[in-house]
Amino acid sequence: MKIGFFTDTYLPVVHGVEISIETFRKSLEKMGHQVFIYAPYHPGYKDKNPGVFRLKSVRIIKKPEMRFAFPLAAAGHLKKIIDFKLDVVHAHTPFSLGILGKFISARQNIPLIYTHHTDYPEYAKAYMKEKFILPSLARWWSGWFSNASDAILAPSLKIKKQLKDYGVKKPIYILPTGVDLEIFKKTRKSLSRAKTLKNKLSVSPKDQALIFVGRMGKEKNIDFLIRAFGEIKKKRNAVKFILIGDGPYLGELKVLAAKLKISESIIFTGAISHETLPFYYQLADVFVFSSLTETQGIVIIEAIGSSLPIVALKDAAFSGAVIDNQNGFLISPRSSAKLFADKILKILRDPNIQKRFSGNSFKIAQKFSDRSQAKKLLRIYKSLLS
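Counting from 97, one number per residue, gives the positions in the sequence shown under my numbering.
So this is what it looks like as structure tokens:
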């Protein structure tokens with residue numbers, strides 16, 4: 097099968113959407129299918145994959161790591177795209193290159209499937225001064241593009257319900273992104289690599305460690321985690337907090353850590369390659385998460401694939417991946433940072449709880465393997481073609 101992925105965000109940026117696209121691409125190609133990716137051009141970046149086609153783009157001021165491509169700039173690629181004779185167009189955005197995908201779908205009379213990766217109204221609230229018009233417009237546009245597609249993929253039940261609220265009438269399938277669990281199995285055997293990394297980050301053998309992975313953006317609610325860590329440090333000294341990721345809110349988070357006098361115990365790694373990420377998970381005792389704008393929370397799946405206990409604010413985005421009191425604790429979003437900290441301390445203080453949660457995390461993770469999710473995606477493609 098020839099599949100076209102149309103996306104407004106792709107490598108070298110590495111966030112949830114890019115990880116999802118790469119995970120499905122690799123799995124589909126392993127099964128013998130061809131995947132062509134149409135994405136914005138990033139100056140200075142060279143793709144290793146010959147199936148990636150870049151379109152002229154401009155930098156987005158609010159999010160400088162992101163680029164915006166113009167569908168009209170695809171004129172030079174249009175004949176090439178049509179000549180590939182795609183079987184399915186899979187849009188990973190309702191905007192710029194998603195519109196191009198819609199055009200190709202209509203032109204060639206082939207199915208258009210759309211994955212709703214992002215809670216656009218919430219992102220609009222977090223980053224735009226106009227708190228009413230832009231979220232409303234984002235809601236309308238998401239609903240319109242969904243209804244213009246043949247089928248929609250929602251990474252979680254939360255997003256399926258959201259799309260229904262937008263008035264979407266087309267079929268919606270829940271399909272979370274899978275994780276290559278083999279990577280995490282191999283990583284657990286690399287004890288020397290983990291020891292070297294601990295030394296590099298100044299995490300002593302006596303230290304326990306919390307970890308967060310994600311974009312350092314306001315919408316991720318990371319300040320809540322730092323305040324919770326401040327509460328932990330009042331009761332337990334030998335604990336470090338590793339925050340992995342980069343973004344516009346990083347400076348403010350460092351200021352907050354300094355204000356709470358916990359800077360020496362917090363490690364901001366900045367952006368790291370996705371290939372080395374499993375080794376960082378192995379350093380941790382607990383994975384913590386407080387974002388309420390997720391559509392799935394791929395990092396949650398990676399964390400349970402690494403056998404980590406989870407403490408997170410309750411969110412339907414990762415329903416089924418974290419089960420309260422089985423592989424972690426889910427806290428009400430209205431709870432205080434102190435209550436969140438108390439749940440983390442409960443795990444850190446009790447090796448039996450940590451061992452039980454860790455074992456359950458790995459068992460639950462098996463449902464989210466990359467191969468099983470790719471097989472489900474193929475079944476959806478085939479149902480649209482029949």
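Glycine included, C-beta positions come from ideal geometry on N, C-alpha and C.
It should be emphasised that the depicted structure is a prediction, and the values quoted were computed from it without experimental measurement.
Own chain partners of residue i with C-beta closer than 7 angstroms, once the 5 adjacent residues on each side are dropped
| i | result |
| --- | --- |
| R155 | R163 |
| K472 | L271 |
| E125 | V131 |
| L426 | A408, K410, V418 and D420 |
| S153 | P136, Y137, R163, F164 and A165 |
| D342 | M312, G366 and A367 |
| E114 | T105, Y106 and L107 |
| V299 | A305, K336 and L379 |
| V148 | I133 and A135 |
| A290 | F375, Q378 and L379 |
| F180 | K98 and F132 |
Residue i - partner residues in DSSP beta bridges
| i | result |
| --- | --- |
| A187 | F102 and Y210 |
| R150 | A135 |
| F364 | L339 |
| Q130 | K98 |
| A250 | I270 |
| G140 | Beta-bridge pairing links G140 to no other residue. |
| S465 | V275 |
| I307 | I338 and F383 |
| L409 | I427 |
| V415 | The identity of residue 415 in the sequence shown is Ser, whereas the question assumes Val. DSSP output for S415 lists V418 as bridge partner(s). |
| R163 | R155 |
Three-way DSSP call (helix, strand, coil) for residue i in this model
| i | result |
| --- | --- |
| A380 | coil |
| P267 | coil |
| V335 | strand |
| S479 | helix |
| R155 | strand |
| V351 | helix |
| R289 | helix |
| S402 | coil |
| D261 | helix |
| R430 | coil |
| Q204 | helix |
| F375 | helix |
| S116 | helix |
| T490 | Only positions 97 to 482 of the chain appear in the structure, and residue 490 is not among them; the question remains open. |
| S238 | helix |
| G197 | helix |
| G326 | helix |
| F218 | Here the sequence assigns Glu to residue 218, which means Phe is not the residue at that position. Correct three-state label for E218: helix. |
| A470 | helix |
| V395 | helix |
| L107 | coil |
| D319 | helix |
| H500 | Residue 500 lies beyond the residue range present for the chain, which begins at 97 and ends at 482; the question has no answer from this structure. |
| N145 | coil |
| I460 | helix |
| K451 | helix |
| L297 | coil |
| D446 | coil |
Inter-residue CB distance, residue i and residue j (contact presumed, cutoff 8 angstroms)
| i | j | result |
| --- | --- | --- |
| L379 | S457 | 16 angstroms between Cβ atoms; not a contact. |
| K331 | L441 | 6 angstroms |
| Y376 | L293 | 7 angstroms |
| I358 | I338 | Between I338 and I358 the Cβ distance is about 13 angstroms, and since that is not below 8 angstroms, they are no contact. |
| F102 | L193 | 4 angstroms |
| A433 | R323 | 4 angstroms |
| A247 | I209 | 5 angstroms |
| S386 | F320 | 5 angstroms |
| L196 | K98 | About 16 angstroms; that fails the 8 angstroms criterion. |
| H186 | G100 | 7 angstroms |
| L306 | V384 | 5 angstroms |
| Y269 | I449 | Wrong, their Cβ atoms sit about 36 angstroms apart, outside the cutoff. |
| V78 | L444 | The structure shown has nothing for residue 78, since the chain only spans 97 to 482. |
| A437 | I328 | 5 angstroms |
| L474 | P207 | That pair is no contact at about 13 angstroms. |
Own chain, CB closer than 8 angstroms to residue i, minus 5 neighbours either side, in chain order
| i | result |
| --- | --- |
| T487 | Lying before the first or after the last residue shown, residue 487 is absent from the chain, which here runs from 97 to 482. |
| V275 | T119, I394, I397, E398, G401, A461, F464, S465 and D466 |
| S431 | L409 |
| S428 | L409 and K410 |
| S468 | G274 |
| I117 | F101, T103, Y106, I133 and H188 |
Neighbourhood of residue i by C-beta distance below 6 angstroms, restricted to the same chain and skipping five residues each side
| i | result |
| --- | --- |
| T365 | I340 |
| G239 | Y262, G263 and V264 |
| L356 | G326 |
| F191 | D104 |
| L352 | D319 and I322 |
| T189 | T103 and D104 |
| L317 | The sequence shown places Asn at residue 317, rather than the Leu named in the question. Cβ within range, chain order: S386 and S387. |
| P267 | A247 |
Below-8 angstroms beta-carbon distance, residue i vs any chain C residue
| i | result |
| --- | --- |
| K257 | No chain C appears in this structure, which consists of one protein chain only. |
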